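A.B. asks:
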Amino acid sequence: MVGNLFLNLYFLGILAIGYNSFKKIKDSSYFFIANREAGVLQVTGSLLATVLGSSAILGNIAATYSIGWAGIWLLFCAAFGLLTLLPLLKKFEQFKGYNLPELLGNFYGNEVRILSSLIISIAWIGIVAAQIMGAAQIMEIISDFSYIKSVIISGIFFIIYTILGGQLSIIKTDCFQLIFILLGIVFCFLFLPNLETAYVAPNLFNEKFNYMDLIILVLTYSSTFLVGPDIYSRIFCAKDSSVAKKSIIISIIILIPLAFILTKIGIFAAGAYPNLTNGQSPLLHVAANTLPKPISLLLYFGLLSAIISTADTCLLTASSIFTEIFTKDLKTMKSIKVTRIFISVFGIFSILVALKLKFILSSLLLALSVYSGSLIIPCFMGILGYNFKKNYVLAAIVLGGGVALLGKIYDGPNSNYILIFAFVINALTLLLGRKK
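Residue numbers (the working numbering): 1211 to 1646.
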């Protein structure tokens, strides 16, 4: 099968880059932050490739298919989150650590670092699982593999690739993968027939998506770009704050038109194929039934690139953060070995979650809700220079994350209010422990 051949060649090419980076790992800074040598092109490419995973592309179009133009808010909220990050960049210039929990540890102490490491590591399994689910859906189409086999193969590939080169290989391949991503999306848009007949008047709010839903999306999604371990891992790879700033601005400029393109594709899918079930991806259905074969193949590999670039970043983030609980310091060669072990462990757990869950966006939003409800406010306040008693910070993290988890599990008519309450109780607990 031609698809199998292309898929094998693609995977071998990515693994070759990973192996080449593996040989260049000189110390822990190469493995975890690419030796802080990334320029504007590399940081921009890596930021966008990380943002544009299966949730942003497949999830955006699936949301648009269901709720109309309101689906555009997903990428708008991502761009807004990056915009709010810009004023904070100067705050990171003196930080010499490798990840977000280290930053929290500097603010509030070792116990907070350990607790935040546990939360992020566990929550990020859901995000990696979402990418594996997306990869499996695409591999089913490209190759003759079943969904279960595709989940296992893609998961193993993510594990091996991340183990090899760490951040050094990720930062190198993200720009290459971003080209595939952008070409796939743009050509899909350009080759859709009769787009003008699929016109629906833009309505950013409707009975399926209201102002309260937008508030929740900002709290649980935009906030992860303002304070997010994967985004920060890109920033920490940059040569300086000027490189990081330019990269974020370019990323925002690219995300805005992409939001319109993806939403328009979703509107087209809703008009052309109105009877898809929840288990069917509108974008993949459009690619298989509407686009010319060469364009659909380009789109499939663009999506696969998007998924890989997000999965490897998230897998490394979760594993390295968890490693630090035991090694207490990532600046050793031993920490690389331990991280590689945890990459395998977290990768296997992500495969199991991907086999259990059915919906990409629900997996992602569950993970992000727990993370944002527990850690966004403490980290943001710490960056701004506020200080709180350690026990109150720990309580705020547990209460905020626990209530956010209940809100997502309950998933009833009042779930949005429960999620908002998670942020309120998190903030109030912190304020009670503010140091004079």
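Using N, Cα and C, we set each Cβ at its ideal position, and we do this for glycine too. Predicted model only: the values in this text are computed from it and were never measured.
Can you name the start and end residues of the alpha helix (DSSP H) that Val1253 belongs to?
C.D. replies: Note, Val1253: alpha helix (DSSP H), 1250 to 1261.
A.B. asks: So which of Leu1262, Lys1456, Thr1372, Thr1274 has the shortest CA-CA distance to Leu1392?
C.D. replies: Per the Cα distances, Leu1262.
A.B. asks: Counting Cβ pairs, one atom from each stretch, are 3 or more of them under 8 Å apart for the stretch 1289 to 1309 and the stretch 1425 to 1437?
C.D. replies: Enough Cβ pairs lie closer than 8 Å, so yes.
A.B. asks: Mark Pro1311 as exposed unless 16 or more other C-beta atoms lie within 10 angstroms of its C-beta, in which case mark it buried.
C.D. replies: Counting Cβ neighbours within 10 Å, Pro1311 comes out buried, since at least 16 surround it.
A.B. asks: Give me the DSSP bridge partner(s) of Asn1626.
C.D. replies: Bridge partners of Asn1626: none, in fact.
A.B. asks: Could you please give the first and the last residue of the uninterrupted alpha helix (DSSP H) stretch that includes Ser1584?
C.D. replies: Note, Ser1584: premise wrong, no alpha helix (DSSP H); not H, not E.
A.B. asks: Between the alpha carbons of Glu1321 and Leu1638, how many angstroms are there, rounded?
C.D. replies: The straight-line gap from Cα to Cα measures roughly 20 Å.
A.B. asks: Below 8 Å on the Cβ atoms is my guess for Val1580 versus Gly1611; work out the distance and round it to an integer in Å.
C.D. replies: Yes, Val1580 and Gly1611 are in contact; Cβ-Cβ is about 5 Å, under 8 Å.
A.B. asks: Measure the C-alpha to C-alpha separation of Asp1440 and Tyr1421 and round it to an integer number of angstroms.
C.D. replies: So the two alpha carbons sit approximately 28 Å from each other.
A.B. asks: Assign Lys1645 to one of two classes, buried (16 or more other C-beta atoms within 10 Å of its C-beta) or exposed (fewer than that).
C.D. replies: Under this definition Lys1645 is an exposed residue.
A.B. asks: Quick check on the burial criterion: 16 or more other C-beta atoms within 10 angstroms. Buried or exposed for Met1543?
C.D. replies: It counts as exposed.
A.B. asks: Pair every Cβ in the stretch 1324 to 1344 with every Cβ in the stretch 1475 to 1486, then say whether three or more of these pairs are closer than 8 Å.
C.D. replies: Contact fails: fewer than three Cβ-Cβ distances are below 8 Å.
A.B. asks: Please return the same chain residues whose Cβ sits closer than 6 Å to the Cβ of Ile1586, not counting the five positions on each side in sequence.
C.D. replies: Contacts found: Ser1433, Val1437.
A.B. asks: Pull up the CB-CB distance for Gly1512 and Gly1394, whole angstroms please, since I reckon it's below 8 Å.
C.D. replies: So it is a contact: roughly 2 Å between Cβ atoms.
A.B. asks: Any idea what DSSP makes of Asn1214, helix, strand or coil?
C.D. replies: Residue state, collapsed to three classes: helix.
A.B. asks: Is Phe1598 helix, strand or coil when you go by DSSP?
C.D. replies: Phe1598: strand per DSSP, three-state reduction.
A.B. asks: Distance, Cα to Cα, Gln1490 vs Gly1344?
C.D. replies: About 12 Å.
A.B. asks: Between which two residues does the alpha helix (DSSP H) containing Ala1528 stretch?
C.D. replies: Segment 1503 to 1537, the alpha helix (DSSP H) holding Ala1528.
A.B. asks: In terms of residue numbering, what span does the alpha helix (DSSP H) encompassing Arg1323 cover?
C.D. replies: Note, Arg1323: alpha helix (DSSP H), 1320 to 1352.
A.B. asks: Return the first residue and the last residue of the alpha helix (DSSP H) that Tyr1357 is part of.
C.D. replies: Segment 1357 to 1401, the alpha helix (DSSP H) holding Tyr1357.
A.B. asks: How far does the alpha helix (DSSP H) with Pro1492 in it reach, from first residue to last?
C.D. replies: That run of the alpha helix (DSSP H) goes 1492 to 1499.
A.B. asks: What do you get for Ile1389, buried or exposed, if any count of 16 or more other CB atoms within 10 angstroms of its CB means buried?
C.D. replies: That one is exposed.
A.B. asks: Which of the three DSSP states is assigned to Asn1420 in this structure?
C.D. replies: In the structure shown, Asn1420 sits in coil (DSSP, three-state: anything other than H, G, I, E or B).
A.B. asks: Spatial neighbours of Ala1528 within its chain, please: C-beta separation below 6 Å, excluding the five flanking residues on both sides.
C.D. replies: Only Ser1331, Trp1334, Phe1556 meet the Cβ criterion.
A.B. asks: Use the C-beta contact count for Val1253: other C-beta atoms within 10 angstroms, 16 or more gives buried, fewer gives exposed.
C.D. replies: By the neighbour-count rule (16 or more Cβ atoms within 10 Å), Val1253 is buried.
A.B. asks: Measure the beta-carbon distance from Ala1498 to Ser1506 and round it to whole angstroms, keeping in mind my assumption that it falls under 8 Å.
C.D. replies: Their Cβ separation, rounded to whole angstroms, is 7 Å, which keeps Ala1498 and Ser1506 in contact under 8 Å.
A.B. asks: Got a sec, what are the start and stop residues for the alpha helix (DSSP H) Thr1549 sits in?
C.D. replies: Residues 1543 to 1566.
A.B. asks: Looking at the unbroken alpha helix (DSSP H) that takes in Thr1294, where does it start and where does it end?
C.D. replies: 1283 to 1295 is the extent of the alpha helix (DSSP H) around Thr1294.
A.B. asks: Assuming Ala1259 and Ser1519 form a contact by the criterion Cβ under 8 Å, report the distance between their Cβ atoms to the nearest whole angstrom.
C.D. replies: Correct: roughly 4 Å between the Cβ atoms.
A.B. asks: Less than 8 Å between the beta carbons of Ala1454 and Ile1460, yes or no?
C.D. replies: Taking 8 Å as the Cβ cut-off, Ala1454 and Ile1460 do not qualify as a contacting pair.
A.B. asks: Around the C-beta of Gln1387, are 16 or more other C-beta atoms found within 10 angstroms, so that it is buried, or is it exposed?
C.D. replies: By the 10 Å Cβ count, Gln1387 comes out buried.
A.B. asks: Below 8 Å, can you find three or more Cβ-Cβ pairs linking the stretch 1222 to 1229 to the stretch 1353 to 1364?
C.D. replies: Short answer: they don't touch.
A.B. asks: Using a Cβ-Cβ cutoff of less than 7 Å, which residues in the same chain neighbour Phe1305 once the five nearest sequence positions on both sides are dropped?
C.D. replies: Closer than 7 Å at the Cβ level, and outside the excluded window around Phe1305, lie Leu1313.
A.B. asks: Quick one: Cα of Ile1363 to Cα of Ile1561, how far?
C.D. replies: Taking the straight line from one Cα to the other gives about 9 Å.
A.B. asks: Could you check the C-alpha separation between Gly1617 and Ala1632 for me, to the nearest Å?
C.D. replies: Distance between the alpha carbons of Gly1617 and Ala1632 is about 8 Å.
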